[in-house]
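All residue numbers for the sequence shown refer to UniProt numbering, where the first residue is 1 and numbers rise by one.
Don't be surprised by glycine CBs; every beta carbon is placed ideally from N, CA and C.
For reference, the structure discussed in these notes is given below.
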Amino acid sequence: METISNEEENHEAGEATEACERPMWQQWLLRLGKGLLIGLVSLLLLYFWGMIWFDGPFSSGGFGNALLATLWLALLVVAWRKFASKKHRCIVCLLAWSVIVVPRSFVQPSNDRDWAPEFAKTGSSEIDGDVVTLKQVRNFDYTRDGEQTERWETRQVKLSNLRGMDLFHSTFGGDRIGHPLLSFDFGPDGRICLSVETRREKNEEFSVVGGLYKMFELQYIFATEEDCVRLRASVRDEPCYLYRIDMPAEDVRAFFLSALEVQNDLAQKPRFYHIIYSNCTTSLRNRLPADQRGEFDLRMLVNGLLDEYLYGHGHFHDEGLPFPELRQKAYINPAAKEAHDSSEFSEKIRADRPGW
1 METISNEEEN HEAGEATEAC ERPMWQQWLL RLGKGLLIGL VSLLLLYFWG
51 MIWFDGPFSS GGFGNALLAT LWLALLVVAW RKFASKKHRC IVCLLAWSVI
101 VVPRSFVQPS NDRDWAPEFA KTGSSEIDGD VVTLKQVRNF DYTRDGEQTE
151 RWETRQVKLS NLRGMDLFHS TFGGDRIGHP LLSFDFGPDG RICLSVETRR
201 EKNEEFSVVG GLYKMFELQY IFATEEDCVR LRASVRDEPC YLYRIDMPAE
251 DVRAFFLSAL EVQNDLAQKP RFYHIIYSNC TTSLRNRLPA DQRGEFDLRM
301 LVNGLLDEYL YGHGHFHDEG LPFPELRQKA YINPAAKEAH DSSEFSEKIR
351 ADRPGW
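The structure is reproduced here in structure tokens:
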């Protein structure tokens, strides 16, 4: 035993001597590589821990799943320390991965849950020549203190009346997080808003981290401006900005039809929301033809700055104004509050805005 101990000490001493003999830049490079590897492994473990927390068998994001995730991590650490060989450790990692991924593959999206009232109906549409019939259009009425009267309606619009598309851009939780609402102007048929949402169940709240997993279904909601814009700008008082989008009529029409197609598809085959590749912004971007999307920009994710991105790419009727001035003039909250109970809500929030 003493001989083995001496050999181990000599081996460790030899490694230490070899490390000391390396040039300083090599030592720093090795330390950097080791640090990056540890960081990557830590992120992976954290991601898999979250996978159990949000997608586990108990309440999503609840205590039961958190306890199960912690137990999984503890067992992984114990097994890693118990087995020293690379072969055994690879088997441990494979087993740890499979006990998460295999059960998770059976977690499927659904349109049949106990939804919160504002997400209760699954919308769809039918096209008959020039006429589009939109079913389950949300038109909730809100008092100034937030009490809501539920109304789901059927609306008909003519594609030949489609004049253009506007962007309502609301921010919340600081200027880095936002939510776009697209409003399609059908002239005499009125305006219809599109909002891409996390379809939440009763008593369920939005979670950025939960959006990385299978916590929410994706929902395309068509609604009136009196519903979704008034809710955000007047009731919740989220900073809300209105811009007129500069886009050819044929492209607006194609975009609208593409959104209808997605909504109909979701009615038949629900999908999960994802905070990165299928959120309220990237999902809309995916509706554009590939040659019109442009390069991906971080502001698609940090989407409180989405209006700045679109302005920089020339997508607004800006009347030559610099962006800070345009954004200031696009702020609609005071007008939305003043017009809260008006039958001319849409017209009043557009009065004296750039582009109109």
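Range covered by the alpha helix (DSSP H) that runs through residue i
i, result
"cysteine 93", "86-104"
"residue 361", "One cannot answer for residue 361 here, as it falls past the ends of the chain, which runs 1 to 356."
"phenylalanine 54", "24-55"
"serine 258", "249-268"
"glycine 312", "306-312"
7 Å CB neighbourhood of residue i in its chain, flanking five on each side removed
i, result
"threonine 3", "With a pLDDT of 45 at threonine 3, under the threshold of 50, the predicted position of this residue should be treated as unreliable, though the coordinate-derived value follows. Result list for threonine 3: empty, nothing under 7 Å."
"valine 208", "Ile275"
"serine 125", "Val132, Thr133, Leu134, Lys135, Leu260, Gln263 and Asn264"
"alanine 223", "Val137, Arg138, Asn139, Cys193 and Ser195"
"tyrosine 142", "Gln148, Arg230, Leu231 and Val235"
"leucine 159", "Asp130, Val132 and Arg253"
"threonine 281", "Pro180, Met300, Asn303 and Leu306"
"aspartate 237", "Asn333"
Under the three-state DSSP convention, the category residue i falls into
i, result
"isoleucine 332", "coil"
"isoleucine 4", "Reliability fails at isoleucine 4, whose pLDDT of 41 lies under 50, so the model's placement of it is uncertain and the value that follows must be treated cautiously. Helix."
"lysine 348", "helix"
"leucine 288", "coil"
"glutamate 12", "Unreliable positioning characterises glutamate 12 in this predicted model, as indicated by a pLDDT of 47, which lies under 50. A coordinate reading is not provided."
"methionine 300", "helix"
"serine 60", "coil"
"serine 278", "strand"
"glutamate 118", "helix"
"serine 343", "coil"
"lysine 202", "coil"
"serine 170", "strand"
"glycine 210", "helix"
"aspartate 227", "helix"
"glycine 164", "strand"
Opening and closing residue of the beta strand (DSSP E) in which residue i lies
i, result
"phenylalanine 63", "Looking at the DSSP string, phenylalanine 63 is not in any beta strand (DSSP E); the run it does join, the alpha helix (DSSP H), is 63-82."
"glutamine 219", "217-223"
"alanine 183", "The question names alanine, yet the displayed sequence has serine at residue 183. Counting along the chain, the beta strand (DSSP E) containing serine 183 begins and ends at 178-185."
"tryptophan 152", "152-158"
"serine 195", "191-199"
"arginine 244", "240-244"
"glutamine 108", "No beta strand (DSSP E) holds glutamine 108; DSSP gives it neither H nor E."
"valine 131", "131-138"
Residue from the options with nearest C-alpha to residue i
i, options, result
"glycine 64", "Leu75, Ala74, Ile52 and Leu73", "Ile52"
"valine 132", "Ala96, Phe83, Tyr277 and Leu162", "Leu162"
"alanine 69", "Thr171, Pro109 and Pro57", "Pro57"
"glycine 355", "Lys329, Phe345 and Ala336", "Lys329"
"glycine 304", "Phe172, Gly320, Pro117 and Glu153", "Phe172"
"leucine 76", "Leu266, Cys93 and Glu250", "Cys93"
"isoleucine 245", "Leu36, Arg113 and Met165", "Met165"
"arginine 350", "Ala84, Glu147 and Glu225", "Glu225"
"leucine 301", "Gly211, Arg113, Trp97 and Ser105", "Gly211"
"arginine 113", "Thr143, Leu36, Lys86 and Phe216", "Phe216"
"tyrosine 213", "Val41, Ser258, Asn286 and Gln108", "Gln108"
"glutamine 219", "Ala84, Pro103, His88 and Phe119", "Phe119"
"isoleucine 332", "Leu32, Lys348, Pro324 and Asp341", "Lys348"
"aspartate 128", "Ala339, Leu257, Phe316 and Asn111", "Leu257"
"alanine 339", "Pro103, Ile38, Lys86 and Arg144", "Arg144"
"glycine 146", "Lys337, Ser170 and Glu344", "Lys337"
"isoleucine 221", "Tyr241, Ser283, Met247 and Asp189", "Ser283"
Sequence-distant residues of its chain with Cβ nearer than 6 Å to residue i (five each side left out)
i, result
"lysine 269", "none"
"glutamate 8", "Confidence in glutamate 8 is poor, its pLDDT being 43 and thus under 50, which makes the residue's placement too unreliable to answer from."
"aspartate 227", "Arg138, Asn139 and Phe140"
"alanine 116", "Arg200 and Lys202"
"valine 229", "Phe168"
"alanine 267", "Thr122 and Ser124"
Residue burial classification, residue i (beta-carbon count within 10 angstroms, cutoff 16)
i, result
"leucine 29", "exposed"
"glycine 123", "buried"
"alanine 233", "buried"
"leucine 46", "exposed"
"serine 346", "buried"
"valine 78", "exposed"
"glutamine 156", "exposed"
"glycine 178", "buried"
"arginine 200", "buried"
"aspartate 55", "buried"
"cysteine 90", "exposed"
"threonine 198", "buried"
"glutamate 12", "With a pLDDT of only 47 at glutamate 12, under 50, the local geometry of the prediction cannot be trusted, and the value read off the model is given with reservation. It counts as exposed."
"tyrosine 277", "exposed"
"alanine 290", "exposed"
"glycine 187", "exposed"
"aspartate 175", "exposed"
"asparagine 286", "exposed"
Neighbourhood of residue i by C-beta distance below 8 Å, restricted to the same chain and skipping five residues each side
i, result
"tryptophan 49", "Ala69, Thr70, Trp72 and Leu73"
"lysine 121", "Gln136, Arg138 and Trp152"
"serine 110", "Glu217 and Pro270"
Residue i Cβ short of 8 Å to the ligand MN heavy atom set
i, result
"proline 109", "In the structure shown, the ligand MN is absent, as is every other ligand, since no ligand is present at all."
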